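Quick note on numbering: the UniProt record's numbering labels position 68 of the sequence shown as 68, and the sequence is numbered without any gaps. For glycine and all other residues, C-beta sits at the position ideal for the given N, C-alpha and C. All of these numbers come straight from a predicted model, not from anything done at the bench.
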Amino acid sequence: MTTERLQVLYKHISGGKVKLNLTHAEKIVSQNYHDQLRYTLDNPLLNYEQRRFYEENGYIVIPKLIEDSLLDECCRRFVDYCDGVIPKGGATLMKDISLLKKGARGVYLYNKIQDILFDEIFEKYFFHSQLLDYVSCFTGPNIRAMHSMLINKPPDSGALTSRHPLHQDLYYFPFRPADRIVAAWTAMEPVTTSNGCLVVLPGTHKGELLQHDYPSWEGGVNKAYHGIQGCDDYETVPLPMDKGDTVFFHPLLIHGSGINKTPGFRKAISCHYSTSDCKYIDVYGTVQEKIAKEIEEMAAAKGLPLTIEEVWRYRSRPVRGYELINI
Numbered sequence: 001m002t003t004e005r006l007q008v009l010y011k012h013i014s015g016g017k018v019k020l021n022l023t024h025a026e027k028i029v030s031q032n033y034h035d036q037l038r039y040t041l042d043n044p045l046l047n048y049e050q051r052r053f054y055e056e057n058g059y060i061v062i063p064k065l066i067e068d069s070l071l072d073e074c075c076r077r078f079v080d081y082c083d084g085v086i087p088k089g090g091a092t093l094m095k096d097i098s099l100l101k102k103g104a105r106g107v108y109l110y111n112k113i114q115d116i117l118f119d120e121i122f123e124k125y126f127f128h129s130q131l132l133d134y135v136s137c138f139t140g141p142n143i144r145a146m147h148s149m150l151i152n153k154p155p156d157s158g159a160l161t162s163r164h165p166l167h168q169d170l171y172y173f174p175f176r177p178a179d180r181i182v183a184a185w186t187a188m189e190p191v192t193t194s195n196g197c198l199v200v201l202p203g204t205h206k207g208e209l210l211q212h213d214y215p216s217w218e219g220g221v222n223k224a225y226h227g228i229q230g231c232d233d234y235e236t237v238p239l240p241m242d243k244g245d246t247v248f249f250h251p252l253l254i255h256g257s258g259i260n261k262t263p264g265f266r267k268a269i270s271c272h273y274s275t276s277d278c279k280y281i282d283v284y285g286t287v288q289e290k291i292a293k294e295i296e297e298m299a300a301a302k303g304l305p306l307t308i309e310e311v312w313r314y315r316s317r318p319v320r321g322y323e324l325i326n327i
């Protein structure tokens with residue numbers, strides 16, 4: 001309720017005879033509003049309507065946040081990795097199973113590159129000042145980048161492997177609290193329902209972390225593409241976006257993406273951020289145990305016999321706040 005609406009209301013109930021102390025009323029209303037806000041923090045960027053939208057739905061889209069020139073530079077960098085121009089180093093290139101069977105090569109084979117936080121080009125996105133300003137609305141001022149990736153969704157081969165099952169990102173993360181974690185996902189080109197935009201189940205961030213596993217899809221499933229069982233038929237909300245648009249969403253929000261029905265690849269760059277004060281938890285004996293073992297096995301295959309906690313510590317880095325000051 002705005003000050004103007006308060007004024008009209010008081011005039012109505014008092015016949016215009018009672019003078020409202022607007023300053024006092026604003027303080028009361030403001031306090032009541034902030035008592036209701038759990039998933040966002042006080043900040044100068046998001047207005048009340050935007051905060052309420054995120055609180056209710058678990059996501060918010062900020063148009064044209066990232067400039068085209070940076071996204072184009074990141075795209076070229078991805079191509080260089082795929083073509084072997086740049087050594088992989090600590091980065092991980094993920095192959096699409098259907099394209100692998102067809103003998104595809106280079107950029108036409110890989111559907112994702114991740115663990116790219118330390119790349120000198122990609123880090124321009126992960127450290128982007130305006131992006132981090134928005135991230136701080138959810139994490140607070142001390143920010144650590146946790147999971148980085150560029151997604152190269154291929155045209156679907158007919159096996160439907162280009163889709164991503166509905167899932168919750170927190171399933172992969174052994175750190176908490178969930179409310180101080182946020183994903184930033186930026187469209188590197190126009191993203192539509194035709195080329196497999198994100199789809200979400202609004203409000204599901206208010207629920208619990210659910211059981212995940214590989215879906216029983218006839219065409220197979222890409223590595224680590226776990227999904228929530230039994231919710232493929234749920235009615236989702238698509239999020240079409242223009243190049244440079246960025247969606248921020250809660251790690252418990254159920255989301256996924258459809259198949260790419262176009263002849264071209266669909267690219268997006270993404271990072272999960274958390275407060276630097278997040279704490280690691282033991283996920284063994286929980287719904288996260290299966291993916292934890294799989295992540296540890298993937299690390300061991302690269303010659304890194306690490307625990308799930310060590311994997312996430314290894315792949316993350318501070319991007320703003322006291323951790324940077326203390327380096």
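Range of the contiguous beta strand (DSSP E) that encloses residue i
| i | result |
| --- | --- |
| Asn111 | Tyr110 to Gln114 |
| Thr275 | Arg266 to Thr275 |
| Ile60 | Tyr59 to Ile62 |
| Leu198 | Leu198 to Leu201 |
| Ile254 | Ile254 to Ser257 |
| Ile121 | Counting along the chain, Ile121 falls outside any beta strand (DSSP E), and DSSP gives it neither H nor E. |
In DSSP terms, what residue i is bridged to
| i | result |
| --- | --- |
| Ile143 | Thr275 and Arg320 |
| Met94 | Lys112 |
| Ile152 | One point to set straight first is that residue 152 is Asn, not Ile, in the sequence displayed. Paired residues: Lys267. |
| Met241 | Val191 |
Residues near residue i in its chain [Cβ-Cβ closer than 7 Å; skip 5 each side]
| i | result |
| --- | --- |
| Asp80 | Ile86 |
| Glu309 | Pro174 and Tyr280 |
| Val135 | Ile143, Val182, Ala184 and Tyr273 |
Beta-carbon contacts of residue i that lie in its chain and below 8 Å, excluding the five residues immediately before and after
| i | result |
| --- | --- |
| Asp232 | Pro165, Leu166 and Pro215 |
DSSP state of residue i mapped onto helix, strand, coil
| i | result |
| --- | --- |
| Arg313 | helix |
| Phe126 | helix |
| Ser69 | helix |
| Lys88 | coil |
| His250 | coil |
| residue 329 | Within the shown structure, residues of the chain are numbered from 1 to 327, placing residue 329 beyond reach of any answer. |
| Val283 | coil |
| Val29 | No answer about Val29 holds up, because its pLDDT of 45 lies below 50 and its placement is not dependable. |
| Thr204 | helix |
| Leu22 | At Leu22, the pLDDT of 44 sits below 50, so the modelled position is not reliable; the number obtained from the coordinates is stated separately. The answer is helix: DSSP assigns Leu22 an H, G or I state. |
| Asp42 | coil |
| Gly106 | helix |
| Ala224 | coil |
| Asp179 | helix |
Closest by C-alpha distance to residue i, when choosing among the options
| i | options | result |
| --- | --- | --- |
| Val191 | Thr40, Arg77, Tyr48 and Phe265 | Phe265 |
| Val237 | Lys95, Thr40 and Tyr59 | Tyr59 |
| Ile291 | Leu198, Lys101, Gly158 and Asp169 | Asp169 |
| Glu289 | Tyr172, Cys278, Asp179 and Thr262 | Tyr172 |
| Ala224 | Arg180, Lys95, Thr186 and Asp119 | Lys95 |
Span of the alpha helix (DSSP H), counted from its first residue to its last, around residue i
| i | result |
| --- | --- |
| Lys292 | The amino acid at residue 292 is misidentified as Lys; the sequence shows Ala. First-last of the alpha helix (DSSP H) with Ala292: Glu289 to Ala301. |
Contacting residues, own chain, Cβ-Cβ under 6 Å from residue i (five flanking each side not counted)
| i | result |
| --- | --- |
| His205 | Gly58, His250, Leu252 and Leu253 |
| Arg317 | Leu117 and Ala145 |
| Ile151 | Lys112 and Ala268 |
| Leu71 | Met188 |
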